[in-house]
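Asks: Below is one structure. I have some questions about it.
Protein chains in written order, with our numbering: chain A, 328 to 438; chain B, 939 to 1051.
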């Protein structure tokens, strides 16, 4: 079953701009993860944030987690055309890496 | 990260035939693998959890006799779509359980005519 709900469903920006995607979930979690999927391909793990963490950085990625609001955001700074992809949040409530995926945000970065 | 492969990457078959998809973890032993199904522009739907040496655990609504899963070794899980029909056409993705995350294969596009 779907747990996460991302918004927006689609986002179109210009190169150099920042892209922010949000994810809300319903149950308590051990961690929340963000994945990227290029069209017709598998998923690539981007970043994991644990339930006791509030913010995490990895390169141009910044993830926040607010467990009181059951929400997370993914910020991609200085976006590039190569960032064009679908981005999914996934929650792990079991602690055994069993993931429940959100519906995803399709990001289009135009040159 | 760890590497997971899938074979074939795409397959076209006639209605009524069976199709086998292989998922291999190339550089680590995966006691648990997952099989997902993804419709166009939609999210991943977990079909089943595949455990090495034991029966797979299927999600509600997934027919276990339709989607046969075998995880006979620590590096290989297979999904067989039996008596495939056009409505089984989809993108099937496997993953292997890591320490805190999952490592995904590149997916298999199945088209049933």
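Beta carbons are placed, not taken as given, at the ideal position from N, Cα and C, and that holds for glycine.
Quick caveat, the model's predicted, so the values are computed rather than measured.
Residues of chain B with a CB under 9 Å from the CB of residue 339 of chain A: which are they?
Replies: By Cβ distance, chain B contributes nothing, its closest Cβ being about 15 Å from residue 339 of chain A, past 9 Å.
Asks: Hey, residue 357 of chain A and residue 420 of chain A: beta-carbon distance below 8 Å or not?
Replies: yes
Asks: Using 8 Å as the limit for Cβ to Cβ distance, is residue 386 of chain A near chain D?
Replies: Within the model displayed, chain D is absent; protein chains A and B are what it includes.
Asks: Going along the chain, which residues of its own chain have a beta-carbon closer than 6 Å to the beta-carbon of residue 996 of chain B, five neighbours each way excluded?
Replies: 986, 1002
Asks: Please confirm whether residue 966 of chain B and residue 1033 of chain B have their CB atoms less than 8 Å apart.
Replies: no
Asks: Taking three-plus beta-carbon pairs below 8 Å as touching, is the region 421-429 of chain A in contact with the region 944-956 of chain B?
Replies: no
Asks: So, does the CB of residue 430 of chain A fall closer than 8 Å to a CB anywhere in chain B?
Replies: yes
Asks: Report yes if the C-beta distance between residue 369 of chain A and residue 1031 of chain B is below 8 Å; otherwise report no.
Replies: yes
Asks: Who are the Cβ neighbours of residue 1049 of chain B in its own chain at under 7 Å, not counting the five residues just before and after it?
Replies: 950, 1027
Asks: Would residue 405 of chain A be called buried (16 or more neighbouring beta carbons within 10 Å of its own) or exposed?
Replies: Residue 405 of chain A comes out exposed.
Asks: Applying the 10 Å Cβ sphere with the 16-neighbour rule, what's the burial state of residue 1023 of chain B?
Replies: exposed
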